[in-house]
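A short worksheet on the structure shown next.
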Amino acid sequence: MAQFEEPDPPLEKHVGEYCRRNHLRLYTHQTATRTAVHEGRDVMLVTPTASGKTLAYLIPIMEGLRTDPTARALMLFPTKALTRDQLKTATSLSDAIVPDAKPAVYDGDTPKNRRKNIRESSRIILSNPHELHHILSWHSLWQGFWKNLRYLVIDEAHRYRGVAGSHAALLFRRMLRVAAFYGSHPRIILASATIGNPSPFAYTLTGRDVSVIHSSGAPEGPRSFLLYNPYFPPEQRDTTYRAAASLMQYCVAQDLQTLTFTNSRKGAETLASMTGRHHSEKIPAYRAGYLPGDRRKLEQGLKSGSFRGIVSTDALEVGIDIGSLDSVIMAGFPGSRNATWQRSGRAGRTTRHALSVLVASENPLDQYYMHHPEAFFGRPAENVAISPENPYILAGHLLCAAAELPLTGEDCSIWFGPSASGIAEELIQGGALTHTRRGAVYSGSARPAEIVRISGTGGKQLKIISDGKLIETIEIGQAYREAHPGAVFLHAGDTYLIRTLDLETGIIRADRTKVDFQTTVHSSGQPESVVESKNTRTYGCRLSFGNVVVSEHYPFYQVKRYGKPVSTEPLSLPSLKFATEAFWFSFTPEEMKALEQAGFDPAGTLHAIEHALIAMMPAEVLCDRQDLGGFSTLCAADTGMPTIMVYDGYEGGAGLAATGFNRFEEILRMTHELITECPCESGCPSCIFSPKCGSMNQPLDKAGAATLLGMMCRAGKISADDEPSFTCDNAE
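Just so we're aligned: the sequence shown equals residues 1 to 732 in the UniProt record's numbering.
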């Protein structure tokens, strides 16, 4: 049932008239947001999809623009499509309430002949972080805007996670620093899907304390949510795509307008083809890479009802207006419960009954939730982890900041954290910055905003070239994973086959082609140096966290056709070395000896736990298992102890291992449940097999892993079912 609350004080006259004319009453969370902004507080709105978050922040902004005729607002969105969709809403309100607001989009697609007019006359500017990164280089052209900036909106804030979120946090600090230089201190309004750590995340993202509003007053219609496991029972197993296609065909046949999500661009095309093959009506696919006009036609077709079904990547996960659907099918767990609820919320955006179906893949986390629906429905949302103190990311933003305004020691401590001064000094010593009386200034020839990419960690860049044209620029780590020789590489909807990768020239040669196979690279990591910063003795082991230097080796890749391995091809790439963060846990040699005497393989036991633990990490922190690396050994080089290590797969770290260290108990319990409850005999892709293992998933001992994890759970007093044990005097 809807919960309304009358604003106090009453809405500004013109805003109030607009609401009455359109029969709008404010929900409790919308009124709470308005109150917080009026009281001068920064605020984060954390409510479900379709709860009216846009109106919640537009109402106080419109009031502010009516009250102060000089006030300006900047609204940031993660995608261009969402930016343009929200422009319609902002324009609708401003035309009726603040006619001179002239909302406009300012991004890479904005014609040059319109840019000056937008800068000078638009009081509401909608953009994205990538454009803001470049705007700050030319802040003097925006003096009037910065001077009068009163509101900063960061929509879909939960999407700023990992490395991208770390960049965003430093970008927002740079923007606030420039605004402060012109005398402005805007109110920050963040809008987010439900996450587990809204207050600390908002602080890390913006550098400010915020008021969190998480109770929604919006009505929610009845919803049926089905968890469907095509892999169980094993003797009747199906595949994710076949099951999803059958369900979609059935829903469309029942005249239910249906949106099916997949987790890849190739998957969207494949599933659309499978579904349309058995249905009289064409089922289109929607994904990035289509021309804007084609995407708009698909969006309008959904909104008007002329399309009864469509298959999409996560491109339709965010709040683009596509009307109210009847059912949503997800072909595979999206990687987080957060994304699952966002996708699910696309159906039933009114009060009528809606259907949501999650069709499991063979991945361990999918299978865990199929066997633990109480964890899927009842557990808190995942935490969002970012690491703006990452020295490699921070160094790039300090270069940008010094190019924007002279950088002082006080600037470093106020805006960029305690480690910034030391990094700035290193940049001065290296000649990238020059010390002046007013502070450090950038001394390079190229604009740092052109050099510093806000989607990576600042590692070596390689260029992908096809037919003499630049296709994409990627970091070396991504190149090893996705653009190695022989790899199938996707870009803007096209498929390329990588011919060569030259590390000396930084050139990757690719041929545009069509193939019926995919490639998956396999890797293994080895820590070369370990510096422990935290440790505790618990759960029957020594648990540690710290900084490591990892050497990653990429020995081969697999060619797969329709998900099944066809061949294994060797790679001859030099190892990648990078510094990052990790957590690790160690046992005693006596404990491994006891395992061996009980008939288990100690090396296979540790290896199996490593794989399963990494697979379960996304249940606690928003990430993909590909964002993490792992290592297990019976004799660690630094301690000589049997050890399992999990590290961030990004130079400098992304906050993932830190969250894993803090949430170790919960991850350990889920890992134990995953392994003991999987019906396979000795291991499978649903429990201990890893799709990127550099040693071909050898050795692995599922029974040994279940036994050792059970011992750890009992030692840590975590609930664990009784299972066979072994005697070990050293076990705590």
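We put the beta carbon where it would ideally sit given N, CA and C, even for glycine.
Problem set entry | Residue span of the beta strand (DSSP E) that contains CYS541, given as start and end | 541 to 561
Problem set entry | For GLU677, the nearest candidate out of ASP314, PRO233, PRO103, PRO69 (CA to CA) | PRO233
Problem set entry | Cα-Cα separation, LEU11 to GLY345 | 30 Å
Exercise. Taking the alpha helix (DSSP H) that GLU590 falls in, what are its first and last residues?
Worked result: 589 to 597
Problem set entry | Residue environment, HIS23, which counts as buried when at least 16 other CB atoms sit within 10 Å | exposed
For this session: Grab the span of the beta strand (DSSP E) containing ARG20 for me, first residue to last.
Result: Unbroken run through ARG20 is the alpha helix (DSSP H), 13 to 21; no beta strand (DSSP E).
Exercise. Is the beta carbon of SER686 sitting closer than 8 Å to the one on PRO364?
Worked result: yes
For this session: Can you grab the Cα-Cα spacing for the pair CYS684 / ILE498, in whole Å?
Result: 31 Å
Problem set entry | Option in THR434, SER199, ILE507 with minimal Cα separation from LEU470 | ILE507
Problem set entry | Where the beta strand (DSSP E) through SER127 begins and ends | 124 to 127
Exercise. Buried or exposed: which applies to ILE451, given that a residue is buried once 16 or more other Cβ atoms fall within 10 Å of its Cβ?
Worked result: exposed
Problem set entry | Among THR408, SER304, THR313, VAL531, nearest to ALA272 - alpha-carbon criterion | THR313
Exercise. Smallest Cα separation from ASP155: which of GLY144, SER246, ALA56?
Worked result: ALA56
Exercise. Would you call the stretch 533 to 550 and the stretch 569 to 583 touching, i.e. three or more CB-CB distances under 8 Å?
Worked result: yes
Problem set entry | Residue nearest to VAL488 in terms of C-alpha spacing, selected from ILE644, VAL515, GLU475, SER466 | VAL515
Problem set entry | Given 8 Å, three or more beta-carbon pairs between the stretch 652 to 672 and the stretch 402 to 417 | no
Exercise. What number of angstroms, rounded off, separates the C-alpha of PHE726 from the C-alpha of ALA608?
Worked result: Unreliable positioning characterises PHE726 in this predicted model, as indicated by a pLDDT of 41, which lies under 50. The coordinate reading is nonetheless provided below. The alpha-carbon atoms of PHE726 and ALA608 are separated by roughly 18 Å.
Problem set entry | Limits of the unbroken alpha helix (DSSP H) element including HIS29 | 28 to 38
For this session: Go ahead and pull the three-state DSSP assignment for HIS167.
Result: helix
For this session: Return the chain-ordered ranges of every alpha helix (DSSP H) run that is complete within the stretch 369 to 400 and spans a minimum of 4 residues.
Result: 373 to 378
For this session: Please name the residue or residues paired with PRO570 in a DSSP beta bridge.
Result: PHE556
Exercise. What runs of the beta strand (DSSP E), each 3 residues or longer, lie entirely inside the stretch 321 to 364?
Worked result: 327 to 331, 354 to 359
Exercise. Hey, CYS670 and ALA619: beta-carbon distance below 8 Å or not?
Worked result: This sequence places Met at residue 670; Cys is not what is there. Yes, they are a contact pair.
Exercise. Hey, how far is the Cα of ARG352 from the Cα of LEU256?
Worked result: 12 Å
For this session: Apply the 10 Å Cβ neighbour rule to THR568 and answer buried if 16 or more other Cβ atoms are within range, or exposed otherwise.
Result: exposed
Exercise. Straight-line CA distance for VAL98 to LEU76?
Worked result: 20 Å
Exercise. From SER336 to PHE261, what distance separates their C-alpha atoms?
Worked result: 14 Å
Exercise. Which residues in the same chain as ASN338 place their Cβ atom closer than 7 Å to its Cβ, once the five residues preceding and following it in sequence are excluded?
Worked result: HIS158, ALA193, THR194, ILE195, ALA381, GLU382, LEU622
Exercise. Going by DSSP, what residues sit across from GLY439 in a beta bridge?
Worked result: THR436
For this session: Could you tell me which of ILE189, CYS680, GLN143 sits nearest to THR54, measuring between CA atoms?
Result: ILE189
Problem set entry | Proximity to GLN626 [Cα-Cα], best of GLY477, SER682, THR500 | GLY477
For this session: Look up HIS185 in the DSSP assignment and say whether it is helix, strand or coil.
Result: coil
For this session: Starting from PHE664, follow the alpha helix (DSSP H) in both directions and report where the run begins and ends.
Result: 664 to 677
Exercise. Which same chain residues, not among the five before or five after ALA637, have their C-beta less than 7 Å away from its C-beta?
Worked result: none
For this session: Helix, strand or coil for ASN535, going by three-state DSSP, please let me know.
Result: strand
Problem set entry | Supposed close pair LEU522, PHE556 - CB separation, criterion 8 Å | The identity of residue 522 in the sequence shown is His, whereas the question assumes Leu. Yes, HIS522 and PHE556 are in contact; Cβ-Cβ is about 6 Å, under 8 Å.
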